[in-house]
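Notes follow the structure.
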Amino acid sequence: MANVRFAVGIQRLIPFLGYHHVLMILIAIAIILLSLLLAGCSSSSPLIPGIFLISFYYDDYTPTYDPTQVDPGVTAAIANIVGQAMLEVRVGYFGICVNPDGGSFLCSNNATLLAEQVSVDQDPLNLIWVAETFKDEVVFPYLLIIAIVLAFITFLLLATFPGWHEEHDARTGSDIDIKPFPSRPVSQVALAHIFIASIFVLVSVLWQ
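Our numbering puts the first residue of the sequence shown at 1, with every later residue one more than the last.
This is the structure:
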């Protein structure tokens with residue numbers, strides 16, 4: 001019985017949903033996903049270390065040699081330096097996460113603080129420093145931040161679009177459903193904002 005009532009309620013609601021409601025839902029989802037992406041590796045909270053841009057880690061391997069290697073001995077030397085290290089470093093927009101021994105991740109926006117928690121044997125090739133350099137020199141989060149702000153403004157503009165409402169028809173004496181057209185200037189401003197936001201997201205994705 002409850003399922004029937006729910007289905008009937010949905011059927012009554014669908015006719016009153018406008019295209020701008022669908023756009024608002026899509027924009028809200030995009031804002032949430034972009035916000036989660038920006039929050040990746042910013043804390044050690046559950047799931048947050050799993051959101052990252054790039055991961056550096058040590059892997060035990062057998063040195064391979066190739067005729068194109070000018071100095072084949074470097075491969076074996078690196079393998080000897082790495083030893084039994086199993087550290088993994090994940091980089092986010094505003095933080096770095098370190099897993100020294102296969103346990104839980106330690107996350108911080110201060111790479112120096114993370115390096116102090118790791119021994120030389122755990123990070124012989126300075127992957128934490130490499131990750132910090134990558135974050136500072138390559139990662140640029142501000143385009144995504146601007147895109148989120150523009151998308152939120154678009155969301156608010158779409159919320160001003162008129163929806164369905166009932167009016168009394170004096171000629172027929174019955175109630176009719178009417179949906180006025182949205183304001184053209186508001187529509188143009190919303191389109192411009194979401195277009196610029198999309199460009200910023202695209203540039204950020206291609207840049208990183």
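Just so it is clear, CB atoms sit at the ideal spot from N, CA and C, and this is done for glycine as well.
Values in this document were obtained by computation on a predicted structure and should not be read as measured data.
Among the options, the one whose alpha carbon lies nearest that of residue i
i    : options                  : result
L125 : L202, D101, A79 and I148 : A79
Y61  : M86, V130, S45 and I27   : M86
F94  : I25, L144, P46 and T154  : L144
Q117 : T133, C97 and F195       : C97
T133 : P46, V74, N110 and V70   : N110
Inter-residue spacing [alpha-carbon to alpha-carbon] between residue i and residue j
i    : j    : result
L127 : C107 : 15 Å
I148 : D136 : 21 Å
Y142 : I51  : 18 Å
L13  : I32  : Since pLDDT at L13 reaches only 49, below the 50 mark, its modelled position is unreliable, and the value read off the structure follows with that caveat. Distance between the alpha carbons of L13 and I32 is about 25 Å.
S55  : A115 : 16 Å
Q84  : L191 : 55 Å
D123 : A159 : 51 Å
R184 : V203 : 29 Å
Enclosing alpha helix (DSSP H) for residue i [first to last residue]
i    : result
Y19  : Y19 to A39
P155 : Note that residue 155 is Phe in the sequence shown here, rather than Pro. Unbroken alpha helix (DSSP H) run through F155: Y142 to A159.
E116 : Counting along the chain, E116 falls outside any alpha helix (DSSP H), and DSSP gives it neither H nor E.
Contact set for residue i: own chain, Cβ-Cβ below 7 Å, skip 5 residues either direction
i    : result
Q188 : none
Y58  : V82, A85, M86 and L87
Within-8 Å CB hit, residue i to chain B
i    : result
V186 : Given the protein chain composition of this structure (a single chain), no chain B is represented.
Cβ-based neighbour list, residue i, same chain, cut-off 8 Å, excluding 5 preceding and 5 following
i    : result
I146 : A197 and F200
F155 : M24, I27, A28 and I31
H193 : L150, A151, I153, T154 and L157
Residue i classed as buried or exposed, judged by whether at least 16 other C-beta atoms fall within 10 angstroms
i   : result
F6  : Residue confidence is low: F6 scores 48 on pLDDT, short of 50, so the model does not pin down where it sits. Its coordinate-derived value is still stated next. Answer is exposed; the Cβ neighbour count stays below 16.
V91 : buried
Extent of the continuous beta strand (DSSP E) to which residue i belongs
i    : result
F52  : Segment: none, F52 is in no beta strand (DSSP E) and carries neither H nor E.
N99  : I96 to N99
L106 : L106 to S108
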